[in-house]
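Engineer: In my numbering, the protein residues as written are 239 to 684. We treat Cβ as the ideally placed atom computed from N, Cα and C, and that holds for glycine. Just so you know, these numbers come straight off a predicted model, no measurement behind them. Quick one: this structure, given as structure tokens, is what I'll be asking you about.
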Ligand code: 2IT
């Protein structure tokens with residue numbers, strides 16, 4: 239593989255798509271050596287094919303806001319790769335959504351889904367609709383308008399969307415309602431992250447955060463460390479951060495910082511059930527600020543304009559957005575003695591931050607391994623829907639445990655270095671890539 243030529247070609251074809259190009263480069267750098275040992279991959283031009291989405295749907299979404307004004311947004315679905323199963327991946331509603339962001343997410347999703355051990359291809363979608371400050375009625379009307387365009391391109395065996403940033407249980411409800419109305423036949427498993435009374439899986443809301451902490455547990459255990467008594471700084475206060483805070487606290491760690499776009503909340507005494515529940519209220523308020531947490535709980539303090547990475551902690555867990563932890567943040571964390579960073583958000587760290595962590599020799603694991611418990615549990619939701627039954631929380635949790643352990647094992651198998659240490663970035667990328675590449679090879683040139 240000629241990495242520089244492939245990247246130069248991609249940059250020419252997709253100018254300025256920085257997140258997409260960043261995600262592709264990270265994977266190709268990791269797999270280059272292994273790929274070159276497989277001339278059959280080179281012959282079938284697997285790399286050149288795997289980096290491009292199968293297809294992208296772009297559509298106009300027009301809706302009416304509470305003031306009676308007409309609003310127009312853009313909607314997308316990127317069907318990235320279906321070599322190992324139907325397209326699967328979340329929908330992101332955020333003002334910065336564009337094709338580059340969704341292509342990076344779809345690309346990452348392809349390898350993440352391969353890691354889960356379940357048969358799911360990769361996809362991503364969403365809109366530049368900004369949920370901040372919107373009423374529930376506006377969110378409903380937007381979701382309905384979005385689905386009138388999307389519905390014909392998705393389906394139980396075709397493409398199964400779910401939530402991502404800005405899309406939680408409420409939005410999936412509105413989207414599913416409209417889908418079923420348009421389809422005129424009940425398709426239970428066409429979206430995941432559904433409510434518990436209409437086909438949702440127990441533990442899906444918690445699964446991304448829980449799975450991340452199970453992965454971190456394995457990583458720490460192998461390194462002779464433990465979560466017990468460790469201090470954790472995490473970014474965000476949405477669904478993912480909530481699940482991570484809940485499980486981290488349950489496993490004996492102390493979550494001492496959460497953050498939002500407005501600043502950081504320092505929470506020296508750790509989380510209580512009440513505080514964890516309050517994170518959900520913050521998310522549901524649609525205000526996208528974390529400051530009210532410190533008003534509600536006086537033992538916590540809010541500092542505007544600061545990130546979670548300014549707080550001295552043992553473990554850093556980015557749980558919000560891509561590139562939210564940069565080289566400067568990594569330097570600050572390392573100077574403060576942080577010894578582990580696990581990306582819970584997709585591509586939460588910049589390449590400079592990852593490089594700094596790896597140079598310093600601290601534990602680092604990438605999003606596609608750490609956060610795969612979310613989509614894995616979506617896969618379990620699809621299975622339950624197909625079988626027309628629902629498993630208990632215990633059953634789902636056991637399966638999630640098993641899947642996260644398998645992902646950790648795969649990272650160790652493909653990421654073990656000559657000095658005995660595990661490069662989790664390499665391990666996750668190679669394990670995910672090999673599975674999808676092999677599947678593409680066996681199914682011919684299509
Ligand atoms: O990034 C992700 O893995 C998700 N947003 C979850 C996708 C899913 O289909 O559950």
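Let's see if you can read the secondary structure: which residues bound the alpha helix (DSSP H) around residue 367?
Structural biologist: Walking along the chain shown from the start, residue 367 turns up at place 129. Per DSSP, residue 367 belongs to no alpha helix (DSSP H) and is neither H nor E.
Engineer: Looking at residue 616 and ligand 1, is the gap between the Cβ and the nearest heavy atom below 7 angstroms?
Structural biologist: The residue given as residue 616 occupies position 378 in the chain shown. For ligand 1, at least one heavy atom lies less than 7 angstroms from the Cβ of residue 616.
Engineer: Counting C-beta neighbours from all protein chains within 10 Å, is the total for residue 609 16 or more, i.e. buried, or is it exposed?
Structural biologist: Walking along the chain shown from the start, residue 609 turns up at place 371. The residue in question, residue 609, is buried, as its Cβ has 16 or more Cβ neighbours within 10 Å.
Engineer: Give the straight-line distance between the Cα atoms of residue 507 and residue 494, rounded to the nearest whole angstrom.
Structural biologist: Start at 1 with the first residue of the chain shown, and residue 507 comes out as number 269. Start at 1 with the first residue of the chain shown, and residue 494 comes out as number 256. Their Cα atoms are separated by approximately 7 angstroms.
Engineer: For residue 571, I'd like the list of residues in its chain whose CB is within less than 6 angstroms of its CB, leaving aside the five on either flank, ordered along the chain.
Structural biologist: One-based indexing of the chain shown puts residue 571 at position 333. Result list for residue 571: 547, 554, in chain order.
Engineer: Which same chain residues end up closer than 6 angstroms to residue 265 when comparing Cβ atoms and leaving out the 5 residues on each side of it in sequence?
Structural biologist: Numbered from its first residue, the chain shown carries residue 265 at position 27. Correct list, in chain order: 667.
Engineer: Between which two residues does the alpha helix (DSSP H) containing residue 568 stretch?
Structural biologist: Along the chain shown, one-based indexing puts residue 568 at 330. Here the alpha helix (DSSP H) through residue 568 covers 565-573.
Engineer: Taking the beta strand (DSSP E) that residue 327 belongs to, which residues open and close that run?
Structural biologist: To locate residue 327, count along the chain shown from 1; it is residue 89. That run of the beta strand (DSSP E) goes 325-331.
Engineer: With a 10 Å radius around its C-beta and 16 neighbouring C-beta atoms as the bar for buried, classify residue 331 as buried or exposed.
Structural biologist: Position 93 of the chain shown, counted from the first residue, corresponds to residue 331. Buried is the call here.
Engineer: Could you give the DSSP three-state label for residue 549: helix, strand or coil?
Structural biologist: Counting from 1 along the chain shown, the entry for residue 549 is found at position 311. Residue 549 falls in the coil class under three-state DSSP.
Engineer: If you follow the beta strand (DSSP E) that residue 400 is in, where does it begin and where does it stop?
Structural biologist: For this step, residue 400 is matched to residue 162 along the chain shown. Residues 397-400.
Engineer: Please find out if some non-hydrogen atom of ligand 1 comes closer than 7 angstroms to the beta-carbon of residue 347.
Structural biologist: Translated into positions along the chain shown, residue 347 becomes position 109. The answer is yes for residue 347.
Engineer: State the CB to CB distance for the pair residue 517 and residue 479, rounded to an integer number of angstroms; the pair is presumed to be in contact (CB under 8 angstroms).
Structural biologist: On the chain shown, residue 517 is found 279 positions in, with the first residue counted as 1. On the chain shown, residue 479 is found 241 positions in, with the first residue counted as 1. Their Cβ separation, rounded to whole angstroms, is 7 angstroms, which keeps residue 517 and residue 479 in contact under 8 angstroms.
Engineer: Tell me the DSSP secondary structure of residue 662 in three-state form.
Structural biologist: Looking up residue 662 in the chain shown gives position 424. In this structure, residue 662 counts as helix in the three-state DSSP scheme.
Engineer: In chain order, what are the residue ranges of uninterrupted beta strand (DSSP E) at least 3 long that sit wholly in the region 459-526?
Structural biologist: Complete beta strand (DSSP E) runs here, min 3: 469-472, 492-498, 501-504.
Engineer: To the nearest angstrom, report how far apart residue 354 and residue 618 are at their CA atoms.
Structural biologist: Position 116 of the chain shown, counted from the first residue, corresponds to residue 354. Position 380 of the chain shown, counted from the first residue, corresponds to residue 618. One C-alpha to the other measures close to 11 angstroms.
Engineer: Can you tell me whether DSSP reads residue 604 as helix, strand or coil?
Structural biologist: As a working note, residue 604 is residue 366 in the chain shown. In the structure shown, residue 604 sits in coil (DSSP, three-state: anything other than H, G, I, E or B).
Engineer: In three-state terms, what does DSSP make of residue 422?
Structural biologist: What you label residue 422 is simply residue 184 of the chain shown in a count that begins at 1. DSSP places residue 422 in coil when its eight states are reduced to three.
Engineer: Can you tell me which residues form a DSSP beta bridge with residue 314?
Structural biologist: Here residue 314 corresponds to residue number 76 of the chain shown, with the count starting at 1. Answer is 296, 364, bridged to residue 314.
Engineer: Check whether the region 520-531 and the region 557-573 are in contact - that is, three or more C-beta pairs closer than 8 angstroms.
Structural biologist: Result no; under three Cβ-Cβ pairs closer than 8 angstroms.
Engineer: So what does DSSP say about residue 674, is it helix, strand or coil?
Structural biologist: Counted from its first residue, the chain shown places residue 674 at position 436. Three-state DSSP puts residue 674 in a helix.
Engineer: Pairing CB atoms from the region 459-466 with CB atoms from the region 417-436, are three or more of them under 8 angstroms?
Structural biologist: Segments in contact, no.
Engineer: Do the region 429-440 and the region 367-383 touch if we need at least three Cβ pairs shorter than 8 angstroms?
Structural biologist: Verdict: no, contact absent.
Engineer: Does the beta-carbon distance from residue 497 to residue 545 come in below 8 angstroms?
Structural biologist: The residue you call residue 497 lines up with position 259 of the chain shown. The residue you call residue 545 lines up with position 307 of the chain shown. Cβ atoms of residue 497 and residue 545: closer than 8 angstroms.
Engineer: Could you tell me the distance, in whole angstroms, from the CA atom of residue 339 to the CA atom of residue 253?
Structural biologist: To locate residue 339, count along the chain shown from 1; it is residue 101. To locate residue 253, count along the chain shown from 1; it is residue 15. Distance between the alpha carbons of residue 339 and residue 253 is about 13 angstroms.
Engineer: Identify, in the order they occur along the chain, each residue of the same chain with its Cβ nearer than 6 angstroms to the Cβ of residue 550, setting aside the five sequence neighbours on each side.
Structural biologist: On the chain shown, position 312 is the one that residue 550 refers to. Correct list, in chain order: 574.
Engineer: For residue 292, which residues of its own chain have a beta-carbon under 6 angstroms away from its beta-carbon, when the five flanking residues on both sides are left out?
Structural biologist: Along the chain shown, read from residue 1 onward, the residue named residue 292 stands at position 54. 317.
Engineer: Identify the continuous beta strand (DSSP E) that holds residue 580 and give its terminal residues.
Structural biologist: Your numbering for residue 580 matches position 342 in the chain shown. Segment 578-580, the beta strand (DSSP E) holding residue 580.
Engineer: For a quick check, are the C-beta atoms of residue 321 and residue 683 less than 8 angstroms apart?
Structural biologist: As a working mapping, residue 321 is identified with position 83 in the chain shown. As a working mapping, residue 683 is identified with position 445 in the chain shown. Their beta carbons are not under 8 angstroms apart, which means residue 321 does not touch residue 683 by this criterion.
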